[in-house]
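**Q** Numbering (my numbering), first residue to last: 227 to 943. Just so you know, even glycine gets a beta-carbon here, dropped at the ideal spot from N, CA and C. Predicted model, so just to flag it, every value in this text is computed and none were measured.
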Amino acid sequence: MTLLRHLRSLLLAPLFTAAALFAPYASAQLGAQKAVVTTDQARTELLAHAPEGISPGQPVWVGLRIEHKKHWHTYWKNAGDSGLPTVLEWTLPPGVQAGEIAWPIPKKISVGPLVNYGYEDTLLLAVPLTITPDFKPPLLGDELTVKLRASWLICKTECIPEEGEYTLRIPLKGSTALHGPVFEAALKAQPRALDAGKNSRIQIEGQTLKLSVAGLPASLQGKPLDAFPETAEVINPSTPWQQRWQGAVWTAELPLMAQRSASPTLLPVVLTQGGQGWRVELPVSGNWPASAAPAALSPALQAALAANAAQVPAAAPPLGFYAALLGALIGGLILNLMPCVFPVLAIKVLSFTRHADDHRSHRISGLAYTAGVIVSFVLLGLLLLGLRAAGESLGWGFQLQDPWVVAALAALFTVIALNLVGVFEFGQFAPSSLAAFQARHPVIDAFLTGVLAVAVASPCTAPFMGASLGLAVTLPPAQALLIFAALGLGLALPYLAVSFVPAFARLLPKPGAWMDALRKLLAFPMLVTVVWLVWVMGHQSGVDGAAALLTLLIALSAVIWALTLQGRLRTVIATLLVAAGAWAAWALGPYMFKIETATASQASGERWSAWSPERVQTLLAGGQTVFVDYTAAWCVTCQYNKQTTLADAQVLADFDAKNVVMLRADWTRRDPAITAALAQLGRNGVPVYVFYRPGRAPQVLSEVLSVGEVRQALASL
């Protein structure tokens, strides 16, 4: 078994075990229902109504309640001129089936020249659940678990796509009727089915649909009605239309949309008047006219965007190849100052004091360490380039978009911190044959230390790296890998220099007690890095995911401590911890890898809003300047800039004075749209800070922002 395999087994096996001491508390906390998602624009909640309990034949309803903030709205199944309907995706146990959404009666919402169909204030999108005879209650517990993934577009003058994940547990026995009045009101708000008879139909005449509807209540005769076709992009909502009553038959002439999406033979239409609605399915007769190709945007917005795009010159050309090599080299050097990398480098350099005169072994160790660093960076570059060639939208730091990697790095840093503080030595767990092999082959140990340095450096992006790596992914593979190799050389250069220049080693104090104290002191930057990675997990998987990871890290520490004991006590305690921890890891692990709603965390504070490419283009078309912060929770430099320069009172006052719209693009989890936007800027990782101005090329700022740089850029607007 090689040292690398030994380290991997040491790290990964305890990671999936945890102490039973922590499991009951964590399970109680993490088992809480996640039925509410709140954003700056709306509060949403998954509700249930099962007055007779859960059994075949009994009525069971679930629904998403949306409480809009004032002036915000979401959309009906046919959104009208623009917008998107709310989508509900259910995960249900076998034997439980979800029906269609019971859409309440919509209202017409005018936004400039556009007319949309949707909802304001509060609504409930109710869905019936059918409990089939095949349904079998769970072996453990007496609840039905309902999971929902919902996505919606919420708009005011601007539009923000949002989504949420919900879990609700409904008791199988007894009554769940707390929200009964809410469901009753929602079902009453549905349009009533209308049996219109043979006298109701639609006739196509040119670019007009002529509707004739019979069977409506006599109390409606003579009153104007609103018409909402359920099939999207057939009727032009914003064009005026005619209606009249011919006795008991209501007729209307509705204009067809030029870019029609469908030519149905049966068109469902909802007719409303005074808060009441009727749904009728009308057969269509006649020949549909030819339709133009559907437009992705409204003609007015499309024209504005086209005019703006015609004025915008291309972004500044990317760095040249040799400049990119230099930038990667400097960026790698700066990586040595990161809190997670510096302890590894310091421990290796301090090892020179033990054999200060053995210059040959120092040089060999330096070369092996450098080889480990460069090979690791090249392999990481190969993986990135290969995945991009396979169609994945990835950039630098892509590995940290996966909670598995974040959890593994947190475990690695925890183990390193425990080793530095003296809880254990790696040699304690290594077989004697492996220890002897390591002693005979120190080159392998130095090489693997280089691999470790790359692993601990992977969460970081240093200045000068962004432009270099952005260019790398556009170059032929050989040149791209040279840039990754230059980055590795920069990271390895300080240790390589110390190993080849004896004068550096002579500057170090003589070995003594101070080395043990310094070694323990260096554990604390590692623990700070663990705290940060737990915070990253919280952004990716929510507070439950962060709590689960923290619990398992404590359990990992307990297992390692148990393995340092002697005799029978070690066997008993370690076995109990590993066995109980395996169950705890099975119970808590899923919380770390669930998808947390991204929209609520994409923008923090009132002045920041969530980014989308459509929103940037819409703002530019309206003549506004936009500042975009491309960021991620796992990006150390991003968080530094966010807490310093981007929180500076003078900088924020300048943003307000220039009326700049501030958007935040959160790349904590993989987002192809953000990856594409970065590629357009010649970048392939974060942080990236950009000013977008109408008719001007994007202005990209440096990766480590200063107050002066941002204020100067704002002053030039």
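Which value, in whole angstroms, describes the spacing of the CA atoms of Leu748 and Asn645?
**A** Answer to the nearest angstrom: the Cα atoms are 11 Å apart.
**Q** In three-state terms, what does DSSP make of Val877?
**A** Residue state, collapsed to three classes: helix.
**Q** Anyone know if the C-beta pair for Leu940 and Val887 falls short of 9 Å?
**A** No, Cβ-Cβ distance for Leu940 and Val887 is not below 9 Å.
**Q** State the start and end residues of the unbroken alpha helix (DSSP H) segment that holds Lys303.
**A** Premise fails: Lys303 lies in the beta strand (DSSP E), Thr300 to Gly306, not in any alpha helix (DSSP H).
**Q** Are at least three pairs of beta-carbons, each pair with one atom in the region 478–486 and one in the region 455–467, less than 8 Å apart?
**A** As far as the Cβ criterion goes, the region 478–486 touches the region 455–467, which means the pair count is three or higher.
**Q** Rounded C-beta distance between Glu346 and His299? I'm assuming under 8 Å.
**A** Indeed, because the Cβ distance is near 5 Å, the residues count as touching under 8 Å.
**Q** In chain order, what residues of the same chain lie with their CB nearer than 7 Å to the CB of Ile590, ignoring the 5 residues before and after it?
**A** For Ile590, where only same-chain residues beyond five positions count, the Cβ hits under 7 Å are Val669.
**Q** Exposed or buried, what is Gly849 when buried is set at 16 or more other beta-carbons lying within 10 Å of its beta-carbon?
**A** So Gly849 ends up on the exposed side.
**Q** Could you pull out every residue in the same chain whose Cβ sits closer than 8 Å to the Cβ of Gln267, ignoring the five residues on either side in sequence?
**A** His294, Lys295, Trp298, Ile380, Lys382, Ile386 and Glu388.
**Q** Bridge partners of Phe454, per DSSP?
**A** DSSP output for Phe454 lists Val496 as bridge partner(s).
**Q** Does the Cβ of Val599 have 16 or more other Cβ atoms within 10 Å, making it buried, or fewer, making it exposed?
**A** Buried: at least 16 other Cβ atoms inside 10 Å.
**Q** Taking the continuous beta strand (DSSP E) assigned at Gln429, which residues delimit it?
**A** Note, Gln429: beta strand (DSSP E), Arg427 to Glu431.
**Q** Assuming Glu935 is part of the alpha helix (DSSP H), what are its boundary residues?
**A** From DSSP, the alpha helix (DSSP H) with Glu935 extends over Val933 to Ala941.
**Q** According to DSSP, which residues form a beta bridge with Ile461?
**A** Note: Ile461 sits in a beta bridge opposite Leu482.
**Q** State the Cα-Cα distance for the pair Ser587 and Val263, rounded to the nearest angstrom.
**A** Approximately 59 Å between the Cα atoms of the pair.
**Q** Would you give the residue range spanned by the beta strand (DSSP E) that Leu394 belongs to?
**A** Unbroken beta strand (DSSP E) run through Leu394: Cys385 to Pro397.
**Q** Ignoring anything shorter than 3 residues, give me the beta strand (DSSP E) runs that lie fully in the region 266–325, in order along the chain.
**A** List check, beta strand (DSSP E) in window: 268–275, 286–294, 300–306, 313–317 and 322–324.
**Q** Of the residues Leu907, Ala873, Ala883 and Val916, which one's Cα is nearest the Cα of Val933?
**A** Checked all of Leu907, Ala873, Ala883 and Val916; the closest Cα to Val933 is Ala873.
**Q** According to DSSP, what are the bridge partners of Ser377?
**A** Answer by DSSP bridge pairing, in chain order: Val313 and Glu389.
**Q** With DSSP as the reference, label Arg896 as helix, strand or coil.
**A** Coil, per DSSP.
**Q** CB Gly714 to CB Val641, shorter than 9 Å?
**A** Not in contact: Gly714 and Val641 (Cβ atoms no closer than 9 Å).
**Q** Between which two residues does the beta strand (DSSP E) carrying Ser438 extend?
**A** Its beta strand (DSSP E) spans residues Thr434 to Val439.
**Q** Between the Cα of Ala781 and the Cα atoms of Ser438, Ala706, Gly807 and Ile280, which residue gives the shortest distance?
**A** Closest by alpha carbon: Gly807.
**Q** Between Ala704, Glu271 and Ser281, which has its C-alpha nearest Leu289's C-alpha?
**A** Note that residue 289 is Gly in the sequence shown, not Leu. Checking every option, the nearest Cα to that of Gly289 belongs to Glu271.
**Q** With distances taken Cα to Cα, identify the nearest neighbour of Gly309 among Pro463, Arg794 and Phe917.
**A** Looking at the Cα atoms, Pro463 is the closest of the given residues.
**Q** Hey, would you say Phe917 sits closer than 9 Å to Thr851, going by beta carbons?
**A** Against a cut-off of 9 Å, the Cβ pair of Thr851 and Phe917 comes out as a contact.
**Q** According to DSSP, is Glu507 helix, strand or coil?
**A** In this structure, Glu507 counts as strand in the three-state DSSP scheme.
**Q** Can you check DSSP and say which residues form a bridge with Thr477?
**A** Per DSSP, Ser438 and Arg470.
**Q** For Gly344, name the three-state secondary structure that DSSP assigns.
**A** Looking at Gly344 - three-state DSSP - the assignment turns out to be strand.
**Q** Express the C-alpha separation of Ala550 and Leu753 in angstroms, rounding to a whole number.
**A** Leu753 and Ala550: Cα-Cα distance of roughly 33 Å.
**Q** Hey, Asn342 and Ile335: beta-carbon distance below 9 Å or not?
**A** Closer than 9 Å, so yes.
**Q** If we ignore side chains and look at the alpha-carbon of each, how far apart do Pro913 and Pro898 end up?
**A** Cα-Cα distance, rounded: 16 Å.
**Q** Is DSSP giving Val930 helix, strand or coil here?
**A** Val930: coil per DSSP, three-state reduction.
**Q** Closest to Leu394 by CA distance: which of Ser401, Thr371, Val408 and Leu413 is it?
**A** Closest option to Leu394, Cα to Cα, is Thr371.
**Q** Does DSSP put Asp855 in a helix, in a strand, or in coil?
**A** Note: Asp855 maps to strand in three-state DSSP.
**Q** For the alpha helix (DSSP H) holding Thr640, just list the boundary residues, first then last.
**A** That run of the alpha helix (DSSP H) goes Pro629 to Val647.
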